[in-house]
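Number of protein chains: 2
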Amino acid sequence: MNPVRPTKTENIRETLEAHGLKVTPQRSVVLGYLMSTDRHPNAEEVFQAVSLHLAGAISKATVYNTLNTLVAAGAIVEVSAEPGVTRYDANIESHHHFIDRETGRIYDIPWESVEPLCQTLGTDFSIQDYHVTFYGKALKHEHSPP
Amino acid sequence: MNPVRPTKTENIRETLEAHGLKVTPQRSVVLGYLMSTDRHPNAEEVFQAVSLHLAGAISKATVYNTLNTLVAAGAIVEVSAEPGVTRYDANIESHHHFIDRETGRIYDIPWESVEPLCQTLGTDFSIQDYHVTFYGKALKHEHSPP
DNA sequence: TTCCTAAATTAGAATTATTCTAAATTCAGA
DNA sequence: TCTGAATTTAGAATAATTCTAATTTAGGAA
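Line by line, the protein sequences give chains B and F. For the record, in the first sequence the residue sitting at position 51 is 51 according to this note's numbering, with numbers rising by one throughout. Count along the second sequence starting at 1, add 1000, and that's the number in this note's numbering.
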């Protein structure tokens, strides 16, 4: 798959530093992997993918630690689709999600695609943010990677 | 707390049967508890609450089985708020959710409160359903139960 | 009523996702 | 080079959930 965002070492380093994190090989490769994909992987999938890049030289605990660190620093976000699995997304722009019910695949939906909602919820709630999850069937024809 | 929906035995039985399920004491008490609360409890909380009603005579496995059965039958729905915890809601009408970031409490938001969105997502997606999660601070002053 | 079978329930083992612990390693700065 | 703090690590521990295989329950047929 083509990287969704530029994945050059320079970008990875900049992103880490921009979020106040030291640059380490483990963090770089975890963040780099998340920036290279739009498939919203879970921790296990990150671990698998990243083990290749580092020739197995990363522990699962570090993957979990690093994902938590990146989330806490705001460099990535968690996505909850199905219960019981935490997925991760390096797209930290405000956006929504579309979940294909057949494949389970999650697509990013640009913020602007969804027209203003946030109508009155009465005076009972002060809304700070909102997120829309769409469910259905993706009609996109995906190209297989070369 | 006041029951959100009527909780009479008759209603519970009818709901179970309407969803093609046999009426058993365990199912009745699990469904009855969910119908009596609007707090979106998780499996553990259901188990605690229900153990009282049945004087401990229900196993945790049955709570999990029963919750899954009720979900499969469409008598209740799962709600994913934080990653890692599956919560349950006996309100099966289409509706949205508001999550109080301070307390973690989840409020039901009536479907009509949110104005039509579902604008164009291009021709890439066929939308079957959608769900909006709001985040913020609930301003409601809750009454303590008597 | 008694029997039968299928469904429901159960305890506890197993699995899975995740966090914790305590030790080892790395690394920036004095 | 030394030092202390941050990072990484393996593996143990925990938590949520599912699985297994046995037991109980319940409704219908005889």
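Even glycine gets a Cβ: it sits at the ideal position worked out from N, Cα and C.
{"Item": "Spatial distance of Ser-1059 (chain F) from Ser-1126 (chain F) (CA atoms)", "Value": "42 Å"}
{"Item": "Bridge partner(s) assigned by DSSP for Arg-1087 (chain F)", "Value": "F:Asn-1042, F:Val-1079"}
{"Item": "Span of the alpha helix (DSSP H), counted from its first residue to its last, around Gly-1032 (chain F)", "Value": "1025-1036"}
{"Item": "Closest Cα partner of Thr-103 (chain B) within the set B:Asp-89, B:Ser-113, B:Ile-109, B:Glu-82", "Value": "B:Glu-82"}
{"Item": "Helix, strand or coil at Ile-12 (chain B) [DSSP, three-state]", "Value": "helix"}
{"Item": "Spatial neighbours of Lys-1137 (chain F) in its chain, beta-carbon cut-off 8 Å, leaving aside the 5 residues before and after", "Value": "Asp-1100, Arg-1101, Glu-1102"}
{"Item": "Within 9 Å of chain F by C-beta, residues of the stretch 80-94 of chain B in sequence order", "Value": "Ser-80, Ala-81, Glu-82, Pro-83, Gly-84, Val-85, Thr-86, Arg-87"}
{"Item": "Given 8 Å, three or more beta-carbon pairs between the stretch 1026-1036 of chain F and the stretch 1048-1067 of chain F", "Value": "yes"}
{"Item": "Positions along the stretch 1118-1140 of chain F whose CB lies within less than 9 Å of some CB in chain B", "Value": "Cys-1118, Gln-1119, Thr-1120, Leu-1121, Gly-1122, Thr-1123, Asp-1124, Phe-1125, Ser-1126, Ile-1127, Gln-1128, Asp-1129, Tyr-1130, His-1131, Val-1132, Thr-1133, Phe-1134, Tyr-1135, Gly-1136, Lys-1137, Ala-1138, Leu-1139, Lys-1140"}
{"Item": "Best match in F:Thr-1133, F:Thr-1024, F:Ile-1106, F:Val-1114 for proximity to Thr-1062 (chain F) [C-alpha to C-alpha]", "Value": "F:Thr-1024"}
{"Item": "The stretch 103-112 of chain B in contact with the stretch 44-51 of chain B per 3-pair CB rule at 8 Å", "Value": "no"}
{"Item": "Rounded straight-line distance, which links the Cα of Asp-89 (chain B) to that of Ile-76 (chain B)", "Value": "6 Å"}
{"Item": "Segment limits, alpha helix (DSSP H) that includes Thr-62 (chain B)", "Value": "60-73"}
{"Item": "Burial state of Leu-34 (chain B) (16 or more Cβ within 10 Å)", "Value": "buried"}
{"Item": "Beta carbon of Val-1132 (chain F) nearer than 8 Å to that of Val-1114 (chain F)", "Value": "yes"}
{"Item": "Contact with chain F by Ile-76 (chain B), beta-carbon distance below 8 Å", "Value": "no"}
{"Item": "Residues near Phe-1134 (chain F) by beta carbon distance below 8 Å, same chain, minus five either side", "Value": "His-1096, His-1097, Phe-1098, Ile-1099, Ile-1109"}
{"Item": "Terminal residues of the beta strand (DSSP E) in which Thr-1133 (chain F) lies", "Value": "1125-1138"}
{"Item": "Listed by chain order, chain B residues near Ile-1106 (chain F) by CB distance under 9 Å", "Value": "Correct list: empty, because the minimum Cβ distance to chain B is about 12 Å."}
{"Item": "Rounded separation between Thr-13 (chain B) and Glu-44 (chain B) - CA only", "Value": "Position check: residue 13 (chain B) holds Arg in this sequence, whereas Thr was assumed. Using only the alpha carbons, I get a separation of about 23 Å."}
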